[in-house]
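See structure below.
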Amino acid sequence: MSDNTETVTDERISYLEGLVRQAKTAAAVFTQYTQEDVDRIVKPMVVAGLEQAQYLARLAIEETKLGVMEDKAIKNMVATEFVYNYVKDKRTVGQIAEYPERNLVEMAEPIGVIFSLLPITNPTSTVLFKCIMAIKTRNAVIFSPHPSAGHCCYEAVRIMYETAVKHGAPEGVFTCLESHNLQDNAYMMHHKDVGLIDATGGPGMVKAAYSSGKPALGVGPGNTPVYLEKSADLNMAVVDIITSKTFDNGTICASEQTVVIDDEIYDIVLEKFAELGSHICNEKETELLGRTVIDPKTGFMQPLAVGQKATAIARMIGLKVKPHTKLLIAPIEGVGREYPLSVEKLFPVLAVYRAKSVDEALKVCIDVNYAGGVGHTAVVFSRNDDVIRKFGEVINAGRIIVNSPGSIGALGGVYNDLVPTFSFGCGTGGGNSTTDNVNVFHYLNIKRVARRTQAHMWFRVPNQIYFNMNAVENLRQFKSRSTVVITNPAMEQIGHLDTVRRNIPPETLVHVSVIPDAEPEVQVVMQGVEALKFYRADQIIALGGGSVIDAAKIMKLKYESPEADLEELAAPFLDLRKRVVQYPTEKINRARLIAISTTSGTGSEVTPFAVLTDKEHGRKVTLADYSLSPDVAIVDPQFVMSMPKGLTADTGIDCLTHALEAGVSIFASPYTDSNAFQAIRLVFRYLPIAYEQPNDEEARTMMHNAACIAAIAFSNASVGVNHALAHAFGARFHVAHGRANALMLPHVIAFNAGVPTKFMPSPNQRGYIAHKKYAMVADLLGLGGDTVEEKVKNLVVATEQLLDRLAVPRSIAELGISKEEFEQAMPELVKNAFDDPSWRSNPRMPLLSELVELFWSAYKGRGETKAEVASRPQRGDEVLV
Amino acid sequence: MTMIDAWVDVDGNGVADALRERGEKLDSGGNVFLDFSVVGRLDPGGLRALEDFVGAADGKAVKVTLRGVNVYVYKVLKLARLSSRIAFVN
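Each protein sequence line maps, in turn, to chains A and B. For the first sequence, the working numbering begins at 1 and goes up steadily by one. For the second sequence, the working numbering begins at 1001 and goes up steadily by one.
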């Protein structure tokens, strides 16, 4: 509680608590009402307000001595009829909006008890407006009128309350402090049962509301600049400004304060003002006026002038004006304390400024805007769209009114389509939370009911895939003027390069670029790009394993789009479709990429990935984009018949890991499952044969297909934590990728099949299904088992047996890495594994501690003794067959 | 002390009257079961009467249990901070 509340007497507290209790009960009961219930109440309230508009206006004038009775009556009518016209069809109870395309529904929740401060300038119209908003939104309001407008406000509240209750509103829905002081307001503003403070009043009250710690709607002060630009319709502009500035004697805080007029039209405009009943002050009159209506100490307007007629203000300074003078116009030459009339003046005194240029005019408008009116309202009269746009850009006002009166324009619904209001949000510049015209939706908590939406998925593969023995013959159909073959020395030695050349149409000029048999480096790639440029290639054939094909993908990218920044393109991302970096679509060259894979593992011939070694910075750069996918893949087993046993095993396990990880990935879909599961089946059946009988053509064919099929699966479903672990471990201890995968695989299956410590968000999956999918794999392989647990266990055992048969090391310890060395490397391993994007599609989110456990499981393997390890099958000679 | 359970069927249209009448007859100790099955909506008078009733029951160490309260009425009781002072059964 603030100091103010401490001085409230017990008796007063009892009175205030009674009001809150009454409002709270009403608000609670009100929550049961339907939209139809509240709409039935609102309409008669509006009618009552319209019927009593004149009566309430007269009361306000009699009590406040501010403004014009006729205008106040109009305000009361706007506050009822115009506001009703806006709210009548609005849904404010239950479901208020639906966005089927977003699976989103908005629901209304009332605020409860609103403590509402009322101004002296627009007392009764503000009451009518707020009562209609409150009933429409099922809220109860405790009103606190300005001390000099208590009676008229009380009467307005009474009329609204009686009508509302008569038509079904809960008793106690509106109450009004009969008399009040700052302590009462402070007490209410801090009350725990008050949900919102709606402060329409002076800056002090608004500040107090915002300082209370409660949610508050407050109206900032205004100081409306007007730019009257030379292209404007001057007759319309002058009439609009007079209409607005004299409306209710200028008490609306959105009314015009300083009109900045282009030099070329300045004299004409002043003549028109004079013709229509304005008095143009001379220098002396302006000075006198400034001293009288503006407090020289504070720099703010004098309360005694607020809402008075122009003639009355003229009398205050002993100025003789014509009897029906509407407006006093005071030329000023600047903005600030030296020019007192450049501030807000809620009475019919208007400052004018002659501007020599658009630039000067806009600067003066900015000065006026920032001299006490930030965020409120500004007006521009112009036919020049550029001027209007620029004015809108530089002026900080919640309402920028174009070619219409400021005050009535800002109220909304008359001259424009702004929401009708009696409360102007002024944004942060005015110390408010909104720049809106306050309306029913500010009296609601809007709840969003967001239904689960399935993410759009995709399944993308290269346009053409040719497979089975001699598929390379399909090269003949691709017409090319200049083809560059990217390959490595081994392909030349084995004779694969000749095989490819024989199948390229004879009319094609063929050039060969031999690159080292290692992960491509930037320098190698750029040399290849130079070759492509030199030969003006229209076709690239990549012949080799993953490294060669990856190099060719990047060469093609840089050849077609030389501006592509590889470092930028390698930026991390979570969702391919929402990534920050976009791959280039503009190409200065075009070349078809045909990938002929000579290993059965990476599947690079169909994937959208490419890995590049950046030796200069000592790191690997992974590029991923479907534009990297080869145009044509040739999966011809003749190129893998001579693969050594070790490579057959390592690449085969890589293929199996791709398929198993894609199968349980959070991005798995029926499309990827069909590929992943088929690849798993082929690997279990044919990998041992291809390993043990390298010349078995069927086994080689099936394994080559399996690698491609698994790659199709993981190109669309991605991989998982196994790859993250293997990448980190392989890089640190220089272990081949497939072998590193093998060390992790059984442990990762067991890990993913367990109950996750942390689930991975996966909108497309209904519940955790990794263990069930492993069980499906076990069924597919005919491994037996009655329960999911048994099936998963059987899959782990079958995987272990397969790895044993392929004679790959089964523990990290077996590689000769000491426990101490491994322990020392652990922080780096865990960091790099966690940084690796692969696990982000894993079904189970790995905690850092779990990555440590997985690494140690892989280190220990099955905990075999040396004798047991020695008794396992050993790998044969790794010579070319 | 003898613990007497009292059962009261609350009429949907006369919540306030029913509670006032019953409140005057509250004995010390025991349980009062109020059947709200047919109370579709609470009005301010009904809510105030229930607040008074629960206040009186608290004073006499009587446990108040409401049966069959619909979710809208339950929310009213929650907003009025009454729900924590009452037991509910379906």
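Cβ coordinates follow ideal geometry from the N, Cα and C atoms, glycine included. Remember, predicted model here, so these are calculated numbers, not experimental data.
G546(A) - partner residues in DSSP beta bridges: DSSP lists no partner for G546(A).
Own chain, CB closer than 8 Å to K558(A), minus 5 neighbours either side, in chain order: Cβ within range, chain order: V525, M526, V529, A564, L566.
Selection of the stretch 31-64 of chain A by Cβ proximity to chain B, strictly under 8 Å: Cβ contacts with chain B come from T31, Q32.
CB contact check: A1018(B) to chain A, cutoff 9 Å: No, A1018(B) lies away from the interface with chain A (no Cβ there is under 9 Å from its Cβ).
The alpha helix (DSSP H) enclosing E70(A), as first and last residue numbers: Taken as a continuous stretch (DSSP letters only), the alpha helix (DSSP H) holding E70(A) covers 69-77.
Cα-Cα separation between V379(A) and K130(A), rounded to whole angstroms: About 26 Å.
H771(A) versus F347(A), A679(A), L660(A), V414(A), residue with shortest Cα-Cα distance: Closest by alpha carbon: L660(A).
Cut-off 6 Å between Cβ atoms - residues of its own chain near S629(A), not counting five sequence neighbours on either side: A distance below 6 Å between beta-carbons, with the five flanking residues on each side excluded, links S629(A) to the following residues of its chain, in chain order: P462, P608.
Under 9 Å between C-beta atoms of F273(A) and M301(A): No, these two residues do not count as a Cβ contact at 9 Å.
Under 9 Å from the C-beta of G112(A): neighbouring residues of chain B: Ordered by position in chain B, the residues that pass the 9 Å Cβ test against G112(A) are L1079.
Three CB pairs or more closer than 8 Å across the stretch 235-250 of chain A and the stretch 434-446 of chain A: The stretch 235-250 of chain A is not in contact with the stretch 434-446 of chain A.
V881(A) to P637(A) span [Cα, whole Å]: Legend: pLDDT at V881(A) = 27, less than 50; position of this residue unreliable, no value from coordinates given.
Best match in L104(A), A731(A), A858(A) for proximity to A450(A) [C-alpha to C-alpha]: Of L104(A), A731(A), A858(A), the residue nearest in Cα terms is L104(A).
Buried versus exposed, by CB contacts within 10 Å (16 or more), M1001(B): Any answer about M1001(B) is weak, because its pLDDT of 37 lies below 50 and its placement is not dependable; what the coordinates show is given next. Exposed is the call here.
Chain-ordered chain B contacts of T25(A) [CB-CB under 7 Å]: Neighbours of T25(A) on chain B, chain order: P1044, L1047, R1048, A1080.
Extent of the continuous alpha helix (DSSP H) run through G1046(B): 1044-1059 is the span of the alpha helix (DSSP H), which, as asked, contains G1046(B).
Buried versus exposed call for G1046(B) [16 or more other C-beta atoms within 10 Å across all chains shown]: So G1046(B) counts as buried.
C-alpha gap between D3(A) and F834(A), whole angstroms: Caution applies to D3(A), whose pLDDT of 46 falls short of 50 and renders its modelled position unreliable; the model cannot decide the point.
Neighbouring residues, chain B, relative to A28(A) (Cβ below 7 Å): Around A28(A), the beta-carbon contacts reaching into chain B at under 7 Å are L1047, V1076, L1079, A1080.
Assigned secondary structure, F822(A) (DSSP; H/G/I helix, E/B strand, else coil): F822(A): helix per DSSP, three-state reduction.
Where the stretch 165-181 of chain A meets chain B: residues whose CB sits under 7 Å from a CB there: Those would be P170, E171, G172, in chain order.
Three-state secondary structure assigned by DSSP to G277(A): G277(A) falls in the coil class under three-state DSSP.
Distance between L350(A) and S278(A) (C-alpha atoms, nearest Å): Roughly 10 Å between the two C-alpha positions.
Three-state secondary structure assigned by DSSP to S404(A): In the three-state DSSP reduction, S404(A) falls in the coil class, being neither helix nor strand.
Cβ neighbour criterion (16 or more within 10 Å) applied to I1004(B): Unreliable placement is indicated for I1004(B), whose pLDDT of 49 sits below 50; no coordinate value is reported for it.
Contacts of R1041(B) in chain A (Cβ-Cβ under 7 Å): In chain order: Q32.
Check whether I596(A) and A537(A) have beta carbons under 9 Å apart: In terms of Cβ geometry, I596(A) and A537(A) do not form a close pair [threshold 9 Å].
Short CB-CB distance (under 9 Å) between V1073(B) and chain A: Answer yes: the Cβ-Cβ gap between V1073(B) and chain A drops below 9 Å somewhere.
V796(A) to K860(A) span [Cα, whole Å]: Computed Cα separation, rounded: 16 Å.
Residues that DSSP places opposite R592(A) in a beta bridge: Q539(A), per the DSSP bridge assignment.
Completely contained beta strand (DSSP E) runs for the stretch 627-687 of chain A, where each covers 3 or more residues: Counting whole runs of 3 or more residues, the stretch 627-687 of chain A contains the beta strand (DSSP E) stretches 632-635.
Of the residues R1067(B), R1048(B), R1085(B), the one placed nearest G1059(B), counting alpha carbons only: Checking every option, the nearest Cα to that of G1059(B) belongs to R1085(B).
N839(A) burial status per 10 Å Cβ neighbour count (16 or more: buried): It is Trp, not Asn, that sits at residue 839(A) in the sequence shown. Buried, since its Cβ has 16 or more Cβ neighbours within 10 Å.
Buried/exposed call for Q801(A), threshold 16 Cβ in 10 Å: The residue in question, Q801(A), is exposed, as its Cβ has fewer than 16 Cβ neighbours within 10 Å.
Contiguous alpha helix (DSSP H) assignments of at least 4 residues, all confined to the stretch 726-755 of chain A: Segments of the alpha helix (DSSP H) lying fully in the stretch 726-755 of chain A: 737-753.
Pairwise C-alpha distance: T175(A) and L118(A): So the two alpha carbons sit approximately 13 Å from each other.
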